[in-house]
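>
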Amino acid sequence: MKKMQHGREPYISASVLLVLLLIAGGTAVKQARFDPSLFAPTSPEEGLPQSPLSSAPRDLPVPLPDGLVPMSPVETFTPETLSEKINGKAELYLSAGFRSLRSQRFMEKERSESWMELYLYDMGDLRNAFAVFTAQRREDAREVPLTPFAYETANALFFVHGRHYVEIVSAAEESPAVMAALAEGLVRQEPGREETLPELALFPSEHRVEGSWVLLAENVFGFEFMNRTFTAEYELPEGRITAFLSLRRDPEEARQLADGYVRFLLENGGKAVECADGLPGAHCITILDTLEMVFSSGRALAGVHQAEAFASATRVARSLYERIAGEAP
Amino acid sequence: MESADLPGEDRREFLRRLAGTGAVVLGTGLLGYGLYDPEGPGPTQGNPPEESLTLPNYTMPEAGRRISIVYGEDRIRALQTAVTALGGIEAFIKKGDRVLIKVNAAFAMPPVLGATTHPDLVRETARLCLQAGASYVAVTDNPINDPSSCFALTGIGEAVRSAGAQLILPREKLFSSATLPGGSLIRNWPLLYEPLRGVNKLIGITPVKDHHRSGASMVLKNWYGFLGGRRNVFHQNIHELIKELALLIRPTLVVLDGTTTMMTNGPTGGSLSDLKRTHTLIAGTDPVAVDAFGATLLGRSPRDLPFLLKAEAAGAGTVDFESLQPLRTNLSG
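So the protein lines, in turn, are chains A and B. Anchor point for the first sequence: position 136 equals 136 in this note's numbering, and the numbering is continuous, going up by one each time. Just remember that this note's numbering sits 329 ahead of the position in the second sequence, which is counted from 1.
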């Protein structure tokens, strides 16, 4: 034993140290030549519950309609790499809770010039998906009965499917028939995922503009403490009115947020005015020649935003107030 | 148990070695901790500062600061007319010139979606340059998406080939660190420099687009495609970055395509309903003035686009495009 220690052991030790030195040297050289132009971190999607729509190593697990074949492998983007796909629009998704994007191009087998790209944004939950869906809604949108929140334009389909926001964009000026079949296959893949958003039912339906929902994820109306707020448009003879509503954790939070928003308006040039009857506890503020009406009722914070037609604004606000008082948890 | 049988000398030797090994392990740990950089590599890594490059100025003083505006649906005719109004392509391209055309090929999307430079404009610009006697015409961009897919699906690659020009795809070895003297953001930042090396004329061609972050993507924003690295870090300071790009890149001629304008959901769009037929093409030698006019197609003004005001204040051009007395032509009239 002693002989071994004073015999081969020093050489073995020296060899090990030499190997370690070589590794350290190689690492140092590689680090020194680091090229940030190639730096594109890829991180696994940690902590995400898996579903068939969020685990596809090569192809998206979407049943392809007859005649449609993959044109490219699936691409995956994380919050760190999303801008490599959609550049400046990444902020819109990131601020709404984006988790991952998988995209893949498909083409018609017999017509290679007819291709489309499927974007499957995992937004974490239905609300986040709804937020980015409504933020990008096109003016000429035509509702389609694919999911509760779905529309089409001349060349594309946009819809919410559970926690996913989905876009299918055709390369041609018109959507090929197979695009709808692709979307239907994707929805069938995980049926029964269409949850509801209770806030939507709290908006009165009279005069409401169809499909005018918007879910503002954060910094609502410029007030940094207000988030997750739904808006809907109302078309009245005197003009268009925007109503808003946000369900908070408890009545106290709703009341505090309403007070905070009122203070924010007053600090930015708003002037408190008397509200019409029938809106207990409501605040009315004129700012930049428009009327802002804010109130809380139970867990709901609600009101009317930047209304030019004051009488119509009051009418919508009262209707919203009554609806919330009767329905809100 | 065996240690209890060790002679005293071996026990001391064992403890001595144990302490030595522990010290090495501790030292290695401390060294690693000391060298650990929680923020990762920064923009200044790469070539040392003294090797950093600055770019040549590709402007032609004799061409002056001018813009021409053409109204019409036909891109090729509009381009020809706009260039003719500025004195013809010969006013910019001389025999033997080596020309680089910087396009916007950012996304692997078809031309019909208006997110990238239209291939007809690339083909015609390259053809005009070659016709004027250019000895070399190349087209490049460092796209957001996979470069090969971008140049193929946008139709730009085919347009380049059919015009007899060269297509330069961005590769690692084509980037070098560049610095804008006095700049605060573009400092030792990887730039797609090799395509610029050896050319003496630079032309930018890009569409008018809404941009979620900067408000608009036009001529000045198009220079973003010369940057490499983790350039998305600049999105937090996008207006300052575009101003610096306006100072760094001084082109010979720029072409802004507003035949269709991406009015919403930019810079990617995705739906034809994001586009509006605005039937306008602008060419000029003052990129700031060209962009200021382009902003009007989006229904915006320089006040809505801070990068324009910053670029003007920095001396990159003027937002008062009317002061340049634009030459206006209506092809449909």
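All C-beta atoms in this analysis are idealised placements derived from N, C-alpha and C, irrespective of residue type, glycine included.
1) On the three-state DSSP scale, how would you describe B:P536?
2) Please tell me whether A:L120 and A:V166 are closer than 8 Å, where the distance is taken between their beta carbons.
3) In whole angstroms, give me the CA-to-CA distance for A:G281 and A:M293.
4) When you compare the CB positions of B:G554 and B:K431, do they come within less than 8 Å of one another, or not?
5) Does the pairing of the stretch 411-427 of chain B with the stretch 501-511 of chain B give three or more beta-carbon distances under 8 Å?
6) Nearest to A:I324 by CA position, among A:A311, A:K271, A:V220, A:P251, is which residue?
7) Given a threshold of 16 other Cβ atoms within 10 Å of its Cβ, counted over all protein chains shown, does B:T350 qualify as buried or as exposed?
8) Reducing DSSP to helix, strand and coil, say where A:A276 ends up.
9) Does DSSP classify B:D603 as helix, strand or coil?
10) Identify the continuous alpha helix (DSSP H) that holds B:F480 and give its terminal residues.
11) Could you name the residues of the same chain whose beta carbon sits closer than 7 Å to that of A:V316, not counting the 5 residues immediately before and after it, in chain order?
12) Evaluate contact between the stretch 512-525 of chain B and the stretch 472-484 of chain B, counting only Cβ atoms and requiring at least three cross-stretch pairs below 8 Å.
13) Using only alpha-carbon positions, find the residue among B:I532, B:A645, B:L626, B:N551 that is nearest to B:L429.
14) Find the residues of chain A that neighbour B:L514, judging by a C-beta separation of less than 9 Å, and give them in chain order.
15) Using a Cβ-Cβ cut-off of less than 8 Å, give me the residues of the stretch 586-608 of chain B that come near chain A, in sequence order.
16) Since I believe B:R629 is in contact with B:A545 (beta carbons under 8 Å), could you give me their beta-carbon distance rounded to a whole number of angstroms?
17) Kindly list the residues whose CB is nearer than 6 Å to the CB of B:S661, restricted to its own chain and excluding five residues on each side of it in sequence; keep chain order.
18) For the stretch 132-150 of chain A and the stretch 102-115 of chain A, state whether three or more C-beta atom pairs, one from each stretch, are separated by less than 8 Å.
19) What residues of chain B sit near A:S95, judged by a beta carbon separation below 7 Å?
20) A:T81 to B:Q654, Cα distance in whole Å?
21) Find out if the Cβ-Cβ distance for the pair A:F106, A:L68 is shorter than 8 Å.
22) Evaluate the contact criterion for the stretch 192-206 of chain A versus the stretch 457-474 of chain B: three or more CB pairs, one atom per stretch, below 8 Å.
23) Anything in the stretch 527-538 of chain B with a Cβ closer than 9 Å to a Cβ of chain A? List those residues in chain order, please.
24) Can you give the Cα-Cα distance for B:T383 and B:K530, rounded to whole angstroms?
25) Mind checking if B:S491 is an interface residue toward chain A, Cβ cutoff 8 Å exclusive?
26) If the cut is a Cβ gap below 9 Å, which residues of chain A does B:H564 touch?
27) Quick one: measure Cβ to Cβ for B:G393 and B:T614, integer angstroms, because I've assumed they're closer than 8 Å.
28) Give every residue of the same chain whose Cβ lies closer than 8 Å to the Cβ of B:M592, excluding the five residues on either side of it in the sequence, and list them in chain order.
29) Going by C-alpha to C-alpha distance, which of B:A455, B:A437, B:L498 sits closest to B:Q409?
30) Name the residue from A:F225, A:G7, A:P198, A:M226 whose alpha carbon lies nearest to the alpha carbon of A:W213.
31) In this structure, does DSSP put A:A258 in helix, strand or coil?
32) When DSSP labels each residue in this structure, what does A:R263 get in the three-state scheme?
33) Using a beta-carbon distance below 8 Å, is A:F130 in contact with chain B?
34) Tell me the rounded alpha-carbon separation between B:T446 and A:A254.
35) Roughly how many angstroms lie between the CA atoms of B:K572 and B:L556, to the nearest whole one?
36) Please confirm whether B:T612 and B:A411 have their CB atoms less than 8 Å apart.
Taking the coordinates as given:
1) strand
2) yes
3) 11 Å
4) yes
5) no
6) A:P251
7) exposed
8) coil
9) helix
10) 476-482
11) Y234, I241, A243, V304
12) no
13) B:I532
14) The premise fails here: B:L514 is roughly 14 Å from chain A at the closest Cβ pair, so nothing lies under 9 Å.
15) T593, N594, G595, P596, T597, G599, S600, L601, S602, D603
16) 6 Å
17) G401
18) no
19) Near A:S95 there are no residues of chain B at all, since even the closest Cβ is about 10 Å away, more than 7 Å.
20) 44 Å
21) yes
22) no
23) none
24) 16 Å
25) no
26) S83, N87, G88, A90, E91
27) 7 Å
28) D539, D603, L604, K605, L627, G628
29) B:A455
30) A:P198
31) helix
32) helix
33) no
34) 49 Å
35) 14 Å
36) The sequence shown places Ala at residue 612 of chain B, not Thr. Cβ atoms of B:A612 and B:A411: closer than 8 Å.
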